[in-house]
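Visitor: To start, I am sharing the structure in question, which I have written as structure tokens.
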Ligand code: SF4
């Protein structure tokens, strides 16, 4: 049965994780994400799960990977410097194809930065933070309700594609209380188990969708897991053909399914001649600005990716084709604006509304951006 | 003599170890211990970091996790908490376990999680080509200590006892029967068990310190003064290093054992089966 609750984003994240089947949480205290751990330690025991506070974020991610290999759906949550420390093992999870969810409640950086101030400064780190070529799946909710929905989705995508999935929101969403309708149940995806005998099992032999079936340690399949480049038996190799094949498959299993992974919200775009590109908390200011601009006769709209990575190239290109200008609003000094420019391919004017001073971007600021353009156009 | 072939991935051979490296003896001793304990092969999980010693797990036919440099105890913690019925054994080296991974090792010991850590100590970084390690004896040569090591070194067992490990033992790679027994004792112990194996690295430590090949280094390990082996710093490895103070001896056997609560994570209380 659905129930309505007044909760913070971080609480919604924990509730969603447990609803999605998460049974392991390993984490380390860090503002502003700590509320997630404090909820998980209360929720997991009754759900039959286990919680551990590790010695740092490197260990948290390692424990999450270990738990996932043992068959548990597993999650960690962090912020700023902790996310930097997790990068090593995010890469490991990509390479070894270990499903897991990482929540990064963004705060001001670089370094210790401003722990209690919101930011969208980790967008590129979420894509490229770990070394080497790799796919990334990153989701960006803009409300407490959406934190719930996208956290569930993160687990499902992680299980389906055997890859780490990052949920990226900021301090404001993490700490804001909103009324949320919590569903009685959610659709849950589980990793595919092998259907061959243990003797025939090759741990990295992919199924048709590019994703290898995955047993747990202790299920009766004895196999090797490594962060080294490996063959379909999961064993290290230095063969260039096998290396190339692995790299291609790891990236293609995500790239070939962008239609399934990418979600965007199109708001009042159908007849728009100017669009705001915004995500996360900024999406809410953008929505308000668009609505106010409409009352003033300005044909404004908003495109808001819920999936930041893979980047919604096609959807952004379609908007670029239509509008005279796209205002990219981000709480950083310009991270996704480069992607918008790339996807737009020169088809529209791209304008940045960027700030990294620890303050949110307000509706009035974006409205001014829209009205100024309108004046100039007259 | 126990046939350990059924515990080996022969398809994964040849292995990466150098001729004369004692690490192979350590693997065999471990497999004999698993056989002695009659553990279910499907319920044994080996977790390793990075380095020559860590590569051993790839050749053992269990569930094997070759993780990242130094983090094996943290991977093992997640694995054990999520699936307590697994026998989880970490295989690590002195650089892996005591330098980059020192933090994870001491915290796993402090929690007294029910895993076993086997640390192969050869006093040097082997895989990366002979760099100085936190276990390299003062004065010994390494590629990053061409004038002799100027740092003090860790006593791994003292460190682990201090951190709270409830079973701590040290053994020489030259005494495989004793090694098997201590490994079996460690794995049977309820709580965090730590076994330091004094191994060798003829390829780098041996060459740089004129300690001879694998056979000479191993034979040297068995030299004992009144029950105390003195292999590491003095008699063989770096006996040409001038030193005013006599180097410390190496004590082997079970150095510490206690019974204390085992960490199982924050979870709903379950009936204790033991
Ligand atoms: S480098 Fe040293 S430790 Fe590594 S395999 Fe060779 S002899 Fe053994």
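Chains as they are written, first to last, in the numbering used here: chain E, 3 to 380; chain C, 87 to 360. From the three backbone atoms N, C-alpha and C, an ideal C-beta is built for every residue, glycine too. Nothing here was measured: the structure is a model prediction, and the numbers come from that model.
(1) Return yes when the C-beta of residue 109 of chain C is under 8 Å from any heavy atom of ligand 1, and no when it is not.
(2) Does chain C have any CB closer than 9 Å to the CB of residue 171 of chain E?
(3) Please name the residue or residues paired with residue 342 of chain C in a DSSP beta bridge.
(4) So, under 8 Å CB-CB, residue 169 of chain E and residue 105 of chain E are touching, yes? Tell me the CB distance rounded to an integer number of Å.
(5) Rounded to the nearest angstrom, how far is the Cβ of residue 285 of chain E from that of residue 62 of chain E, given a contact under 8 Å?
(6) Please tell me whether residue 167 of chain C and residue 184 of chain C are closer than 9 Å, where the distance is taken between their beta carbons.
(7) Confirm the yes/no value for this check: CB of residue 208 of chain C, any heavy atom of ligand 1, distance under 8 Å.
(8) Do residue 246 of chain E and residue 93 of chain E come within 9 Å of each other at the CB atom, strictly closer than that value?
(9) Considering Cα atoms alone, identify which of C:144, C:225 and C:115 is closest to residue 294 of chain C.
(10) Considering only residues of the same chain and omitting the five flanking positions on each side of residue 254 of chain E, which have a CB-CB separation below 7 Å?
(11) Are residue 165 of chain C and residue 133 of chain C close, meaning C-beta to C-beta below 9 Å?
(12) Please classify residue 345 of chain C as buried or exposed, where buried requires at least 16 neighbouring CB atoms within 10 angstroms.
(13) Give every residue of the same chain whose Cβ lies closer than 8 Å to the Cβ of residue 6 of chain E, excluding the five residues on either side of it in the sequence, and list them in chain order.
(14) Quick check: residue 289 of chain E and residue 304 of chain E, are their CB atoms within less than 9 Å of each other?
(15) Quick check: the Cα distance between residue 366 of chain E and residue 148 of chain E, rounded to an integer number of angstroms?
(16) Just confirm the distance between the C-beta atoms of residue 112 of chain C and residue 265 of chain C, as a whole number of angstroms; I'd bet it's less than 8 Å.
(17) Between which two residues does the beta strand (DSSP E) holding residue 90 of chain E run?
(18) Please confirm whether residue 356 of chain E has its beta-carbon closer than 9 Å to some beta-carbon of chain C.
(19) Go through the segment 249–327 of chain E residue by residue and report every complete run of the alpha helix (DSSP H) that reaches 4 residues or more, in order.
(20) Under 8 Å: does the beta carbon of residue 285 of chain C sit that close to some heavy atom of ligand 1?
(21) List the endpoints of the continuous alpha helix (DSSP H) containing residue 190 of chain C.
(22) Would you mind working out which of E:72, E:175 and E:43 sits nearest residue 219 of chain E, comparing C-alpha positions?
(23) According to DSSP, what are the bridge partners of residue 110 of chain E?
(24) Would you tell me roughly how many angstroms separate the C-alpha atoms of residue 51 of chain E and residue 138 of chain E, rounded to the nearest one?
(25) Excluding five sequence neighbours on each side, which residues of the same chain lie with their C-beta closer than 7 Å to the C-beta of residue 318 of chain C?
(26) Going by beta-carbon coordinates alone, are residue 296 of chain E and residue 280 of chain E separated by less than 9 Å?
(27) Is there at least one non-hydrogen atom of ligand 1 closer than 8 Å to the beta-carbon of residue 140 of chain C?
(28) Considering only heavy atoms of ligand 1, does any lie closer than 8 Å to the CB of residue 15 of chain E?
(29) Is there contact here, the segment 254–274 of chain E with the segment 314–325 of chain E, by at least three beta-carbon pairs under 8 Å?
(30) Could you list which residues in chain E have their beta carbon closer than 8 Å to that of residue 193 of chain C, in chain order?
(31) Ligand 1 heavy atoms versus the CB of residue 148 of chain C: any closer than 8 Å?
(32) For residue 354 of chain C, go through chain E and note every residue whose CB falls closer than 8 Å to its CB, in chain order.
(33) May I have the straight-line CA-CA distance separating residue 333 of chain C from residue 234 of chain C, to the nearest angstrom?
(34) Note down, in chain order, all residues in the segment 101–124 of chain C with a beta-carbon under 7 Å from any beta-carbon belonging to chain E.
(35) To the nearest angstrom, report how far apart residue 144 of chain C and residue 151 of chain C are at their CA atoms.
(36) What are the residues that DSSP puts in a beta bridge with residue 152 of chain C?
Guide: Looking at the atomic coordinates:
(1) Taking the second chain and counting its residues from 1, one reaches residue 109 of chain C at position 23. Indeed, a heavy atom of ligand 1 lies less than 8 Å from the Cβ.
(2) As a working note, residue 171 of chain E is residue 169 in the first chain. Not flagged as an interface residue toward chain C: residue 171 of chain E, since no C-beta distance is shorter than 9 Å.
(3) For the purposes of this step, residue 342 of chain C is taken as residue 256 along the second chain, with counting starting at 1. Note: residue 342 of chain C sits in a beta bridge opposite C:254.
(4) One-based indexing of the first chain puts residue 169 of chain E at position 167. One-based indexing of the first chain puts residue 105 of chain E at position 103. Their Cβ separation, rounded to whole angstroms, is 5 Å, which keeps residue 169 of chain E and residue 105 of chain E in contact under 8 Å.
(5) The residue labelled residue 285 of chain E in the question sits at position 283 within the first chain. The residue labelled residue 62 of chain E in the question sits at position 60 within the first chain. Going by Cβ atoms, the distance from residue 285 of chain E to residue 62 of chain E rounds to 29 Å, so no, they are not a contact pair.
(6) Position 81 of the second chain holds residue 167 of chain C. Position 98 of the second chain holds residue 184 of chain C. Inclusion of residue 167 of chain C and residue 184 of chain C in the CB contact set at 9 Å is not warranted, their separation being larger than that value.
(7) Residue mapping note: residue 208 of chain C aligns to position 122 of the second chain, counting from 1. Taken from the Cβ of residue 208 of chain C, at least one heavy atom of ligand 1 lies inside 8 Å.
(8) Sequence index remark: in the first chain, residue 93 of chain E carries index 91 (1-based). Sequence index remark: in the first chain, residue 246 of chain E carries index 244 (1-based). One thing to note: residue 93 of chain E has its Cβ no nearer than 9 Å to the Cβ of residue 246 of chain E.
(9) Here the question's residue 294 of chain C lines up with position 208 in the second chain. Residue C:225 is the option with its Cα nearest to residue 294 of chain C.
(10) Working through the first chain from its first residue, we reach residue 254 of chain E at position 252. 212, listed in sequence order.
(11) To locate residue 165 of chain C, count along the second chain from 1; it is residue 79. To locate residue 133 of chain C, count along the second chain from 1; it is residue 47. It is a contact, given that the beta carbons lie within the stated cut-off.
(12) Here residue 345 of chain C refers to the residue found at position 259 when the second chain is read from its first residue. Around the beta carbon of residue 345 of chain C, a 10 Å sphere encloses fewer than 16 other beta carbons of the protein chains shown; the residue is thus reported as exposed.
(13) The count along the first chain starts at 1 and reaches residue 6 of chain E at position 4. Excluding the 5 residues flanking it on each side, residue 6 of chain E has same chain C-beta neighbours closer than 8 Å at 181, 182, 183 and 184, in chain order.
(14) Mapped onto the first chain, residue 289 of chain E falls at position 287. Mapped onto the first chain, residue 304 of chain E falls at position 302. The beta carbons of residue 289 of chain E and residue 304 of chain E sit closer together than 9 Å.
(15) Numbered from its first residue, the first chain carries residue 366 of chain E at position 364. Numbered from its first residue, the first chain carries residue 148 of chain E at position 146. Roughly 24 Å separates the two Cα atoms.
(16) In the second chain, counting from the first residue as 1, residue 112 of chain C sits at position 26. In the second chain, counting from the first residue as 1, residue 265 of chain C sits at position 179. Yes, residue 112 of chain C and residue 265 of chain C are in contact; Cβ-Cβ is about 7 Å, under 8 Å.
(17) One-based indexing of the first chain puts residue 90 of chain E at position 88. Where residue 90 of chain E is concerned, there is no enclosing beta strand (DSSP E), although the alpha helix (DSSP H) around it starts and stops at 82–98.
(18) For this step, residue 356 of chain E is matched to residue 354 along the first chain. By this cut-off, residue 356 of chain E is not an interface position.
(19) As summarised for the segment 249–327 of chain E, the continuous alpha helix (DSSP H) elements at least 4 residues long and confined to that stretch are 260–263, 284–297 and 315–324, given in chain order.
(20) Indexing the second chain from 1 puts residue 285 of chain C at position 199. Answer for residue 285 of chain C: yes, Cβ within range of ligand 1.
(21) By 1-based counting over the second chain, the position of residue 190 of chain C is 104. Counting along the chain, the alpha helix (DSSP H) containing residue 190 of chain C begins and ends at 188–197.
(22) The residue given as residue 219 of chain E occupies position 217 in the first chain. Ranking E:72, E:175 and E:43 by Cα distance to residue 219 of chain E puts E:72 first.
(23) As a first step, residue 110 of chain E is located in the first chain; it is residue number 108 there, counting from the start. Paired residues: E:116.
(24) Within the first chain, the letter at position 49 stands for residue 51 of chain E. Within the first chain, the letter at position 136 stands for residue 138 of chain E. So the two alpha carbons sit approximately 27 Å from each other.
(25) If you number the second chain from 1, residue 318 of chain C lands on position 232. Summary for residue 318 of chain C: the model assigns pLDDT 44, below 50, so the residue's position carries little reliability; its value from the coordinates is reported in the next sentence. Once the five neighbours on either side are set aside, the close Cβ partners of residue 318 of chain C are 209, 223, 284 and 336.
(26) Against the first chain, residue 296 of chain E aligns to sequence position 294. Against the first chain, residue 280 of chain E aligns to sequence position 278. For residue 296 of chain E and residue 280 of chain E, no; Cβs fall outside 9 Å.
(27) Numbered from its first residue, the second chain carries residue 140 of chain C at position 54. For ligand 1, not one heavy atom lies less than 8 Å from the Cβ of residue 140 of chain C.
(28) As a working note, residue 15 of chain E is residue 13 in the first chain. At a threshold of 8 Å, residue 15 of chain E does not count as near ligand 1, since its beta carbon sits no closer than that to any of the ligand's heavy atoms.
(29) Judged by Cβ distances under 8 Å, the segment 254–274 of chain E makes contact with the segment 314–325 of chain E, as three or more pairs qualify.
(30) Locating residue 193 of chain C in the second chain gives position 107, where the first residue counts as 1. Taking the beta carbon of residue 193 of chain C as reference, the chain E residues within 8 Å of it are 56, 57 and 61, listed in sequence order.
(31) Taking the second chain and counting its residues from 1, one reaches residue 148 of chain C at position 62. No; taking the cut-off as 8 Å, the Cβ of residue 148 of chain C has no heavy atom of ligand 1 nearer than that.
(32) As a working note, residue 354 of chain C is residue 268 in the second chain. Against residue 354 of chain C, the close residues of chain E are 47, 48 and 50, in the order they occur along the chain (beta-carbon pairs closer than 8 Å).
(33) As a working mapping, residue 333 of chain C is identified with position 247 in the second chain. As a working mapping, residue 234 of chain C is identified with position 148 in the second chain. Summary for residue 333 of chain C: the model assigns pLDDT 42, below 50, so the residue's position carries little reliability; its value from the coordinates is reported in the next sentence. Looking at the backbone, the Cα of residue 333 of chain C and that of residue 234 of chain C are separated by about 15 Å.
(34) From the segment 101–124 of chain C, no residue has a Cβ closer than 7 Å to chain E.
(35) Here residue 144 of chain C refers to the residue found at position 58 of the second chain. Here residue 151 of chain C refers to the residue found at position 65 of the second chain. If you take the alpha carbons of residue 144 of chain C and residue 151 of chain C, they lie about 8 Å apart.
(36) Here the question's residue 152 of chain C lines up with position 66 in the second chain. The partner list for residue 152 of chain C (beta bridge, DSSP) reads E:228 and C:134.
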